[in-house]
Amino acid sequence: MAAEGLFLAQPVLITDGDFEAKILKGPLPALVFAWAPWCPTCRAFIPVIDDFAKDAMRKVRVGKLNVDQNPGLSSRFNILSVPQRLVFDNDELKETLPGSFQKHEIMMKMAPYL
Numbered sequence: 001m002a003a004e005g006l007f008l009a010q011p012v013l014i015t016d017g018d019f020e021a022k023i024l025k026g027p028l029p030a031l032v033f034a035w036a037p038w039c040p041t042c043r044a045f046i047p048v049i050d051d052f053a054k055d056a057m058r059k060v061r062v063g064k065l066n067v068d069q070n071p072g073l074s075s076r077f078n079i080l081s082v083p084q085r086l087v088f089d090n091d092e093l094k095e096t097l098p099g100s101f102q103k104h105e106i107m108m109k110m111a112p113y114l
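Residue 48 in the working numbering sits at position 48 of the sequence shown, with consecutive numbering throughout.
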């Protein structure tokens, strides 16, 4: 992935096929928002994730993972409920954070990885 792709002010869409390139490979920690279109709580928090991506540009890679369209990653990371946030650093999963959240909570959770 080109370096400029790491510094987007919006989340990237993650798929089973491009997860490694978009999330694991790169110099920045990553936050992946696992969601489903049928989940009202997930849809309500999409603007929070989008806003966090703008604030965290050049510090954190932010991705969105539609669990219904990507069963491989859902199974790999044992995502049984949504919404869920996955924190990656140094090519590995560091934390899984289920449930609802606010932007300041995301910032606090990501702070140790910055």
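Built from N, CA and C at the ideal position, the CB exists for glycine as well.
- As a beta-bridge residue in DSSP terms, Gln84 pairs with Ala34, Pro98.
- Around the C-beta of Arg58, fewer than 16 other C-beta atoms lie within 10 Å, and the residue is accordingly described as exposed.
- Taking the CA atoms as reference points, Ile106 sits about 23 angstroms from Trp38.
- Here DSSP, grouped into helix, strand and coil, assigns Gly17 to coil.
- If you look at Leu65, you'll find it in the beta strand (DSSP E) that goes 61 to 66.
- The Cβ atoms of Phe33 and Ile23 lie no closer than 7 angstroms to each other.
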